[in-house]
Structure formats: C-alpha cells, structure tokens
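Here's the structure we're looking at; comments come further down.
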Amino acid sequence: MEIDGVISAIVIGIVIGVLGRLVVPGRQRIGILWTILVGIIAALVGSAIAAAFDVADTKGVDWVEWLIQIGLAALGVAALDRSKARR
107 MEIDGVISAI
117 VIGIVIGVLG
127 RLVVPGRQRI
137 GILWTILVGI
147 IAALVGSAIA
157 AAFDVADTKG
167 VDWVEWLIQI
177 GLAALGVAAL
187 DRSKARR
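Here the sequence shown is numbered in this note's numbering, starting from 107 and rising by one per residue.
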C-alpha cells in the first residue's frame, strides 16, 4: 500500500468513525483514536461487504456502501462503549 492509500484510509476512517459515532445515541466513553480506528476498520470491512454484494461501484455516489460502512462504525462504537461501561 502506498502512502496516499494510507492517508486516504485514515481520512475516510475519520469521516466514517465520526458519522458512526453520531448515529449512536447518547454520550460515548471512547476517545477519538478509538473512533478513528473503528472508522478505518468499518470502512475496509464495509467496502468488502459492498463488493461482495456488487454494490461497491455504482454510477455516482455509492450510497449503499456508505450506509454499510456507517452502520458498521456505529456498531463498533456502541460495542466499544459497552465494553468501557462494564469496566
């Protein structure tokens, strides 16, 4: 992976992580670095899922892929928040 791929993955991870965090109601007890990490993972896994369902490359904006990624990020943020609450 080249440096521009890493930078774009981080930027997309930030956006996806923040959007996923906004979807989860209430206050989350995780930091921004966890949010970014969850966003990066959600972006990668969401892209793979969208490619598997053949909705990754459509004409225009890939709304379905974005929704999958944001949903996965929301699940990740909620799961981390629950694990932090139990401690």
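In this text, a Cβ means the ideal position worked out from N, Cα and C, and glycines have one as well.
Buried versus exposed call for residue i [16 or more other C-beta atoms within 10 Å across all chains shown]
{"i": "Ile176", "result": "buried"}
{"i": "Val167", "result": "exposed"}
{"i": "Ala185", "result": "exposed"}
Contact belief for residue i with residue j at Cβ below 8 Å, rounded distance in angstroms
{"i": "Thr141", "j": "Val124", "result": "7 Å"}
Residue i versus residue j - alpha carbon distance
{"i": "Val112", "j": "Ala191", "result": "32 Å"}
{"i": "Leu150", "j": "Val170", "result": "14 Å"}
{"i": "Leu178", "j": "Leu128", "result": "13 Å"}
{"i": "Ala156", "j": "Ala162", "result": "5 Å"}
{"i": "Ile147", "j": "Ala158", "result": "17 Å"}
{"i": "Ala115", "j": "Lys165", "result": "22 Å"}
{"i": "Ser189", "j": "Gly152", "result": "22 Å"}
{"i": "Ala180", "j": "Ala154", "result": "17 Å"}
Contact check, residue i vs residue j, beta carbons under 8 Å
{"i": "Gly145", "j": "Ile174", "result": "no"}
{"i": "Leu132", "j": "Val183", "result": "The identity of residue 132 in the sequence shown is Gly, whereas the question assumes Leu. It is not a contact, given that the beta carbons lie outside the stated cut-off."}
{"i": "Ile136", "j": "Asp187", "result": "yes"}
Residue i CB to nearest heavy atom of the ligand GDP below 7 Å
{"i": "Arg133", "result": "Within the structure as shown, the ligand GDP is missing, as the structure has no ligands at all."}
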